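Residue 202 in UniProt numbering sits at position 202 of the sequence shown, with consecutive numbering throughout. Yeah, the Cβ is synthetic: ideal placement off N, Cα and C, and Gly gets one too. Owing to the predicted nature of the structure, the values given are computational and were not obtained by experimental measurement. I have placed the structure first, in the form of structure tokens, so that the comments after it can refer back to it.
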Amino acid sequence: METGVTVVGSGQVSTTPDVLRVSLSVEHVAADVAAAVAQVAERTDAVIAALRGQGVDASDIGTTTVNVYQEYREPGTAAAYRGSHQLTVVTRDLTGFGTLLNATVGAAGNNLNLQSLQFDVQDKSALLTQARELAFRQAEQKGAELAALAGYSLGSVTAISETDNHAPIRAMALGGSAKAFDAASINITPGDHSVEISLEVHFSWA
């Protein structure tokens, strides 16, 4: 049986986000599938053109989901079909959300739905390295304290297991049609973005 001590250390590093991810969808209801799909395609193209006109790169606009389904209606009423095209848009202009929203509303009107906003850090590699260093130092300190309490000296590392959590910590769900929002009145602030690493470290006795 292996002897020694197993401890968990955690390290957290925060920084200012450098990208904003916007999730939005274009929807349209029509009497038949073909019309619903055609209208969604036309208005999605208009939204993409509006975003491109605001300086968003084509590579920063991507389809998330596309759906077409029959809506529930009371018996005896005409059938209706809803088409939707959901997009994720990435922008590095963290203060220009209102302008982007106005542009997309102008392109799709009340067929636009704003799903959510997430501030994020595009390249987390340096943050993860710093968080790992902090987590290991904490684990080493805990291990040394426990070893001393048990009357031992801390030896070498025999195993390490890592878990991480670096999802954007500031996210806003804004489900609803564009007519419910006034871009000028939405004041969004990035806040901080945190990356946290936990390390489970096993030390042998010296």
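Determine the direct distance from the alpha carbon of residue j to that of residue i, and round the result to whole angstroms.
i	j	result
A144	P17	36 Å
A80	S10	53 Å
P75	L199	59 Å
Q141	T15	25 Å
A78	N165	49 Å
G96	N113	18 Å
E196	A148	28 Å
S116	T99	16 Å
V157	A150	18 Å
A36	V66	12 Å
T6	H202	4 Å
I188	D60	20 Å
T163	V33	46 Å
Name, in chain order, the residues that DSSP records as bridge partners for residue i.
i	result
F203	V5, V157
F119	L20
Q130	Its beta-bridge partners do not exist; DSSP assigns none.
Y69	R82
E112	As written in the sequence, residue 112 is Leu, which differs from the Glu given in the question. BP columns for L112 point to V26.
With DSSP as the reference, label residue i as helix, strand or coil.
i	result
Q86	strand
A31	coil
Q141	helix
V56	coil
D93	coil
T189	coil
T77	coil
E42	helix
G151	coil
Is it buried or exposed, residue i, if we count other Cβ atoms within 10 angstroms and call 16 or more buried?
i	result
D192	exposed
I160	exposed
T104	buried
T44	buried
G4	buried
T91	buried
Q118	buried
D93	exposed
D123	exposed
Would you call the region 44-59 in contact with the region 124-136, where contact means no fewer than 3 C-beta pairs closer than 8 Å?
Too few Cβ pairs lie closer than 8 Å, so no.
Is the region 22-29 touching the region 79-96 in the sense that three or more CB pairs, one from each, lie closer than 8 Å?
Yes, the region 79-96 touches the region 22-29.
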